[in-house]
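In our numbering, the protein residues as written are 34 to 146. Positions of the beta carbon are idealized from the N, C-alpha and C atoms, including for glycine. All of these numbers come straight from a predicted model, not from anything done at the bench. A short worksheet on the structure shown next.
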């Protein structure tokens, strides 16, 4: 989910699957004030749910912020026939680590069930 989609998400009160591990964060005063303002605007959402959704959206947006670094391997050609090289930057590693961790979470969940 992208940051721009959060308001629609909150309006619809969508739910997702949550990880077992909890994380505690201390916000700067300005962040605390902004969170309080959001909590007043969306009284049916807990502060925890608002923070969870904001962090999730920020992590999703982060994927597109990693700079592209051209690799040595050609992975495709565009419509004009120009070569498209693999991304040797941080994005592939970030996505691979994310998938690996998701598989670990799914494995842990299946052992509990």
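Exercise. Where residue 116 and residue 127 are concerned, what is the direct C-alpha to C-alpha distance, given to the nearest angstrom?
Worked result: On the chain shown, position 83 is the one that residue 116 refers to. On the chain shown, position 94 is the one that residue 127 refers to. Approximately 24 Å between the Cα atoms of the pair.
Problem set entry | Rounded separation between residue 75 and residue 58 - CA only | Stepping through the chain shown from its first residue, residue 75 is reached at position 42. Stepping through the chain shown from its first residue, residue 58 is reached at position 25. Rounded to the nearest angstrom, the gap between the Cα atoms of residue 75 and residue 58 is 21 Å.
Exercise. Enumerated in chain order, which unbroken segments of the beta strand (DSSP E) with a length of 3 residues or greater are wholly contained in the region 45–111?
Worked result: Counting whole runs of 3 or more residues, the region 45–111 contains the beta strand (DSSP E) stretches 103–110.
For this session: Using DSSP bridges, identify the partner residues of residue 134.
Result: Residue mapping note: residue 134 aligns to position 101 of the chain shown, counting from 1. Per DSSP, none; premise fails for residue 134.
Exercise. Excluding the five sequence neighbours on either side, which residues of its own chain have a C-beta within less than 8 Å of the C-beta of residue 111, listed in chain order?
Worked result: Position 78 of the chain shown holds residue 111. Shown here for residue 111: same chain residues with a beta carbon closer than 8 Å to its own, the five before and five after excluded, namely 117 in chain order.
Exercise. For residue 93 versus residue 35, is the C-beta distance shorter than 9 Å?
Worked result: On the chain shown, position 60 is the one that residue 93 refers to. On the chain shown, position 2 is the one that residue 35 refers to. Yes; because the gap between Cβ atoms is below 9 Å, this pair is in contact.
Problem set entry | Helix, strand or coil at residue 120 [DSSP, three-state] | Taking the chain shown and counting its residues from 1, one reaches residue 120 at position 87. The answer is strand: DSSP assigns residue 120 an E or B state.
Problem set entry | Length of the line joining the Cα atoms of residue 80 and residue 88 | For the purposes of this step, residue 80 is identified with residue 47 of the chain shown, where counting begins at 1. For the purposes of this step, residue 88 is identified with residue 55 of the chain shown, where counting begins at 1. Answer to the nearest angstrom: the Cα atoms are 12 Å apart.
Exercise. For the candidate residues 91, 122, 90, whose alpha-carbon lies nearest to that of residue 105?
Worked result: Residue numbering aside, residue 105 sits at position 72 when the chain shown is read from its first letter. Distances from the alpha-carbon of residue 105 to those of 91, 122, 90 put 122 closest.
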